[in-house]
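For reference, the structure is listed below as structure tokens.
Numbering (my numbering), first residue to last: 32 to 161.
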């Protein structure tokens, strides 16, 4: 399946999940044009479910510096393969061109996720809105 970039609009949130979902069909578009943090997960994964509220809290905390999205690896195997997901949960930070800046696997604590995102902000010196 060939992926091409097109104009991406974020889906409005529904329910308590404030983080939009990325799928195979829109992954490249969703990670283009801004710093994007993606949580690769699966619904059957206990650590993924444990990490979800930590990720959602970070999405609120860092809303002016990053866009956040989630990608179910079972429903979106092309994307999972393209970025080399080998374990879940895995968080990947992408630059505005869709290039990977950093990644971390496992159910991160709030402090560890803050450290990961803070390091990206410090390295890039980005306080710009996404």
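Beta carbons are placed, not taken as given, at the ideal position from N, Cα and C, and that holds for glycine. Owing to the predicted nature of the structure, the values given are computational and were not obtained by experimental measurement.
Original post:
Taking the alpha-carbon positions, what's the residue 84 to residue 91 distance?
Top reply: 11 angstroms
Subject >> Ordered list of beta strand (DSSP E) runs contained in the stretch 102-153, each at least 3 residues >> reply: 121-125 and 131-136
Subject >> Residue of 131, 129, 120 and 115 minimising C-alpha distance to residue 137 >> reply: 120
**OP:** Have a look at residue 143 and residue 131 and give me their C-alpha separation to the nearest angstrom.
**Re:** 18 angstroms
**OP:** Have a look at residue 114 and residue 58 and give me their C-alpha separation to the nearest angstrom.
**Re:** 11 angstroms
Subject >> Residue environment, residue 75, which counts as buried when at least 16 other CB atoms sit within 10 Å >> reply: exposed
Original post:
Under a three-way DSSP split, which group does residue 58 fall into?
Top reply: helix
Original post:
Does the separation of the CB atoms of residue 49 and residue 106 fall below 8 angstroms?
Top reply: no
Original post:
For residue 133, which residues of its own chain have a beta-carbon under 8 angstroms away from its beta-carbon, when the five flanking residues on both sides are left out?
Top reply: 123, 124, 147, 150 and 151
**OP:** Name, in chain order, the residues that DSSP records as bridge partners for residue 91.
**Re:** None, per the DSSP bridge assignment.
**OP:** Give me the Cα-Cα distance between residue 39 and residue 56, rounded to the nearest whole angstrom.
**Re:** In this predicted model, residue 39 has a pLDDT of only 35, less than 50, meaning its place in the structure is not dependable; the value taken from the coordinates is given anyway. Their Cα atoms are separated by approximately 11 angstroms.
Original post:
Just the Cα atoms here: how many angstroms apart are residue 78 and residue 101?
Top reply: 14 angstroms
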